[in-house]
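Residue numbers (the numbering used here): 7 to 581.
The following block contains the structure:
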């Protein structure tokens, strides 16, 4: 008889070994997968880093990047394996929003509901998506790079900004940092739960001991605190409200890969219900999602958690070809997540799977991106200055860099080649195996709370855009050197989608940047009198202002060229 294969004790493998339908096991409606997936039963994973020749990590890599000065851990990224023909199954999406239905605010007292509304977190109850398109999420994760905390697309880098968090979720974005020192003592954790929730200490001890000593089951919170506020005195109602808010956080913005538990450390921010709204919940949501996206981008990761409503709604806002039907019943005054009917099927797609979406994204052009999706509501919901905060966001001691310089088009500015990204401190590991992911940034709570002092300056923001897709001409050339704009290897394309090999259609006269670049190129190669240069510069101005056709650029005469060569006119100055 063959020896029994050792199976890694991951959460998914535990689920495979135990098929009994526990009330704490996420239902299929909580973790929606629109197509059959392979069960994650794998032998003990081996970190393959030790088997890789260090020289091979420096590139160039097939399909890009040419070097790894930007994407230093690209070899361990899922996109590298996909380019080489190694598919991975659709990610399991852990966002147990449907558990909110089993603790309904309709069953609570009016004072209970009012306290939840005053917290600023009610939009999470109202507008979080109950179903998640796992193929769409998986395709976007393939383009996420934790070195830059942005998606790398054919049109360039794009990312989820603090403005997006505000517009999509409607929760408080900036304020007191959602981060406190870790509670080291088990008794102190028990005391925190007892003082904030007023549950019997013996129940608390047994519940904490059954997990990691820092989290409780969502069902445990519901069992002890739900639907009793109509019969409670006000002080006890506030304890139930804290329990509900903790439950809400675990079902939405701080969901983890168990889909059943939530850290009790978040109770530290819920002790004074009048001050809950003063915390930077939006910034913490983004920090947590950034970290989960980074982990999910590792080649052997099988699932993703975090506030996936934000990610999915972000795709709907910026990439119209992937939008579902918009809900006409919702007015513009609501958070933007409310605008989208929660459909798992993308419009016009016969096969809604990750490969189709991947190839659609590979064919994406700048005209198919809406860089200013909120332009029609800016009078009511203007762009806030905190969108230009330049530093680390924090969520319960997890720091992730926020770099608006890489997403300037989304903030109304010309996209230039950004400076190098914020690098982690100390020992950093982003290997293929997600369980070995270790990243530490030197963030500061004070730094984020005083965000007004840490904004991207006017020079770094650059000029406002004339058209929403404006970039400097060298941007795409730079991106092709340091990144990969396409994920699917052309040799492995399955659906015959046309993939552009350039950022723009060079056959179109409507692309004024390319026309001007090609028109002015001879000026760099030849030498002209100042009168000729002024005349041709005026031609360019006329073209930009009223589309006056550009006349043919006549090469300079030999005599003029020789004359200038003798006098040194047109030669680069020497400094």
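All C-beta atoms in this analysis are idealised placements derived from N, C-alpha and C, irrespective of residue type, glycine included.
Candidates the options: which alpha carbon is nearest residue i's?
i           : options            : result
residue 89  : 122, 71, 99        : 71
residue 324 : 381, 287, 265      : 381
residue 125 : 418, 244, 490      : 244
residue 6   : 365, 184, 308      : Outside the displayed range of the chain (7 to 581) lies residue 6, so it cannot be described from this structure.
residue 251 : 153, 121, 186      : 121
residue 466 : 394, 450, 430, 308 : 394
residue 367 : 329, 543, 383      : 329
residue 384 : 170, 117, 92, 149  : 170
residue 308 : 95, 545, 297       : 95
residue 445 : 219, 434, 454, 492 : 434
residue 455 : 136, 111, 182      : 182
residue 298 : 482, 441, 539, 344 : 441
residue 186 : 450, 112, 197, 208 : 450
residue 106 : 93, 91, 130, 115   : 130
residue 341 : 116, 127, 205      : 127
residue 91  : 499, 541, 545, 539 : 499
residue 111 : 319, 496, 147, 231 : 231
residue 153 : 470, 480, 300, 97  : 300
residue 264 : 241, 296, 223, 236 : 223
residue 141 : 318, 472, 391, 211 : 318
residue 420 : 75, 486, 145, 480  : 480
residue 274 : 217, 249, 470      : 249
residue 237 : 116, 209, 145      : 116
residue 390 : 458, 379, 292, 426 : 458
residue 471 : 539, 226, 418, 296 : 418
Just to confirm my understanding: we take residue i, look at its own chain, exclude 5 residues before and 5 after, and list those with CB closer than 7 Å. What are they?
i           : result
residue 67  : 80, 86
residue 314 : 99, 101, 138, 143
residue 416 : 164, 167, 377
residue 195 : 189, 214, 219, 220, 270
residue 247 : 118, 121, 122, 279
residue 483 : none
residue 601 : What is shown of the chain runs 7 to 581, which leaves residue 601 out entirely.
residue 108 : 228
residue 490 : 69, 70, 71, 85, 158
residue 485 : 162, 491
residue 93  : none
Report all residues from its chain with a CB closer than 6 Å to the CB of residue i; omit the five preceding and five following residues, and keep chain order.
i           : result
residue 422 : 468, 478
residue 262 : 311
residue 290 : 184, 401
residue 374 : 327
residue 364 : 145, 493, 494
Between which two residues does the beta strand (DSSP E) harbouring residue i extend?
i           : result
residue 408 : 404–408
residue 400 : 397–401
residue 164 : 162–164
residue 156 : 156–159
Inspect the beta-carbon positions of residue i and residue j and report whether they are closer than 8 Å.
i           : j           : result
residue 199 : residue 270 : yes
residue 172 : residue 288 : yes
residue 134 : residue 233 : no
residue 294 : residue 221 : no
residue 407 : residue 155 : yes
residue 260 : residue 362 : no
residue 436 : residue 447 : no
residue 149 : residue 493 : yes
residue 205 : residue 343 : no
residue 429 : residue 73  : no
Provide the residue span of the alpha helix (DSSP H) that contains residue i, from first to last.
i           : result
residue 225 : 224–231
residue 146 : 140–147
residue 269 : Run containing residue 269: none in the alpha helix (DSSP H); it sits in the beta strand (DSSP E), 267–269.
residue 197 : 192–203
residue 84  : 84–89
residue 118 : 116–124
residue 491 : Per DSSP, residue 491 belongs to no alpha helix (DSSP H) and is neither H nor E.
residue 285 : Where residue 285 is concerned, there is no enclosing alpha helix (DSSP H), given that its DSSP letter is neither H nor E.
residue 362 : 360–368
residue 245 : 240–257
Going along the chain, which residues of its own chain have a beta-carbon closer than 8 Å to the beta-carbon of residue i, five neighbours each way excluded?
i           : result
residue 83  : 77, 151, 303, 304, 305
residue 388 : none
residue 453 : 397, 398, 460
I want to see whether chain D comes within less than 8 Å of residue i, judged by CB atoms only; does it?
i           : result
residue 416 : No chain D is part of this structure, which consists of one protein chain only.
Just to check, is the beta-carbon of residue i closer than 7 Å to a non-hydrogen atom of the ligand SAH?
i           : result
residue 451 : Absence of the ligand SAH from the depicted structure is noted, as is the absence of any ligand whatsoever, leaving it without description.
Using a Cβ distance threshold of 8 Å, determine whether the stretch 270–287 contacts the stretch 174–185, with at least three qualifying pairs required. Between the stretch 270–287 and the stretch 174–185 there are three or more inter-stretch CB-CB distances shorter than 8 Å, so the stretches are counted as touching.
Say whether the stretch 455–468 touches the stretch 404–419, bearing in mind that this needs 3 or more beta-carbon pairs closer than 8 Å, one atom from each stretch. The stretch 455–468 vs the stretch 404–419: in contact.
Any contact between the stretch 385–404 and the stretch 189–205? By contact I mean 3 or more CB pairs, one from each, below 8 Å. Not touching, per the Cβ criterion.
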